[in-house]
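Here is the structure we will look at.
Protein chains in written order, with my numbering: chain L, 26 to 121; chain Z, 26 to 121; chain V, 26 to 121; chain C, 26 to 121.
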């Protein structure tokens, strides 16, 4: 690890998307506060979950295409460790 | 619809949980901003998704136990419509 | 419980869909046996999972529209128990 | 591609797990045929979905640790293509 992250080249875009997710969560709060109908709130939660998963997929793509790819190109034990670590992150996403 | 929601009795608790989710999303932004390691960011996204799904399950339980239950107790066509609507909300959550 | 199920009226259709899912699982076995490319096997697993979830959504709709609806129409404590039971089934599906 | 798959070394184990999944799907058919209670059928569907996802995660780990790792070690354009392909497979699993 050199402090470089796989998402370094698109940090601004990721932050923009995460701020939009934050806005969606605040929108859900306003809906609940305004006594919005249950299934409408649920629809917004589904959309927000989808947006979060989509950020996760971008991060995963960056991670595989940079961190994991670099570790493999360097070779050695670290390559296997990185692959295991990536699979574990995917398992956590699937079970979320 | 009388303006009453299924989650009326626990609105404060839902809002507290949603504010915690908002805090988690801001935490993810700070991690990205601080160049945190990809899989650590992914772990936080999984946890936040799980927290959102958990709020959705509470809302769904409230909805079935109040809105849907009331519609059925009143009888008539509205009861079937409410059941269909609930199933559609569940389908959206599953596909999120 | 009188032995009647919510899916009684469409049992044949559900069995047909489940036999198709069984066929898909056997198809995945043949792919693995024939050394098919990993991501192609994964694509078939995604399709099979989606087909299973879709059967689950039909069962859930039948359950809410019959078992739960009947329990509520009869009233009493059983209605609440049925709603709780349905929410727990949904939670298990979401976490699968 | 040389016809070698990432899961080559554990093909027998994967086939055993897939046959168990097939058995689970047949078990669900028997439950439906015997008019089992809806939420019990749903519980078995959740368990079967989880078993399928778990096979998918093994395949994904094999794929990243062999096919993708080999492509990266060889270098060239194929490495990037393999990473993109893997991310797309993960996206399909997440949306299943």
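Heads up, the beta-carbon is just placed ideally off N, CA and C, and yes, glycines get one too.
If you're wondering where the values come from, they're calculated on a predicted model, not measured in any experiment.
- No Cβ of chain L is located within less than 8 Å of the beta carbon of residue 90 of chain Z.
- The beta carbon of residue 49 of chain C lies closer than 8 Å to those of 69, 72, 73 and 76 in the same chain, with the five residues before and after it left out.
- In the DSSP annotation of this structure, the continuous segment of the alpha helix (DSSP H) that includes residue 57 of chain C starts and ends at 36–58.
- When 7 Å is used as the limit between beta carbons, residue 53 of chain L is near these residues of chain Z: 43, in chain order.
- Take the alpha-carbon of residue 107 of chain V and the one of residue 93 of chain V: they are about 6 Å apart.
- At the C-beta level, residue 80 of chain C and residue 40 of chain C stay beyond 8 Å of one another.
- For the set C/90, C/55 and C/97, the Cα lying nearest the Cα of residue 90 of chain L is the one of C/97.
- For residue 38 of chain C, the number of other beta carbons within 10 angstroms of its own is below 16, and it is reported as exposed.
- Counting only the Cα atoms, residue 57 of chain L lies some 29 Å from residue 117 of chain L.
- Residue 47 of chain V counts as buried, since no fewer than 16 other beta carbons sit within 10 angstroms of its beta carbon.
- Check the Cα spacing between residue 112 of chain Z and each of V/104, V/100, V/120 and V/85: the tightest is with V/85.
- By the beta-carbon neighbour count (other beta carbons within 10 angstroms, threshold 16), residue 64 of chain L is buried.
- Distance from the CA of residue 104 of chain C to the CA of residue 121 of chain Z, rounded to the nearest whole angstrom, comes to 30 Å.
- Identification of chain L residues near residue 117 of chain Z by a Cβ-Cβ cut-off of 8 Å yields 67, 68 and 71, ordered along the chain.
- The alpha helix (DSSP H) runs lying completely inside the region 80–109 of chain C and spanning 4 residues or more are 94–99, given in chain order.
- Taken in chain order, the members of the region 97–115 of chain Z whose beta-carbon sits within less than 8 Å of a beta-carbon on chain V are 97, 98, 100, 104, 105, 108, 109, 111, 112 and 115.
- Residues of chain C whose Cβ lies closer than 9 Å to the Cβ of residue 60 of chain V are, in chain order, 28, 29, 30, 32, 33 and 36.
- Annotation: residue 82 of chain Z to residue 54 of chain L spans about 16 Å, alpha carbon to alpha carbon.
- For residue 85 of chain L, the closest Cβ of chain C is nearer than 8 Å.
- Listed by position along chain L, the residues whose Cβ is nearer than 9 Å to that of residue 78 of chain Z are 70, 74 and 121.
- Straight-line measurement puts the Cα of residue 61 of chain L at about 37 Å from the Cα of residue 32 of chain L.
- With fewer than 16 neighbouring CB atoms inside 10 Å of its own CB, residue 59 of chain C falls in the exposed class.
- Residue nearest to residue 119 of chain Z within the set V/78, V/36 and V/100 is V/78 (criterion: CA-CA distance).
- Here residue 61 of chain L carries a coil assignment [DSSP, helix/strand/coil].
- Close CB contacts of residue 88 of chain Z within its chain, under the 6 Å cut and outside five residues either way in sequence, are with 31 (chain order).
- Chain order gives the chain V residues near residue 82 of chain Z as 112, 115, 116 and 119, where near means a beta carbon separation below 8 Å.
- A Cβ of chain Z is located within less than 8 Å of the beta carbon of residue 94 of chain V.
- Sequence-distant Cβ neighbours of residue 115 of chain V in its own chain, meaning closer than 6 Å and more than five residues away, do not exist here.
- In this structure, the straight-line span from the alpha carbon of residue 67 of chain C to that of residue 100 of chain Z is close to 27 Å.
- For residue 36 of chain V and residue 29 of chain V, the gap between their C-alpha atoms comes out near 12 Å.
- A straight line joining the alpha-carbon of residue 51 of chain Z with that of residue 110 of chain C spans about 31 Å.
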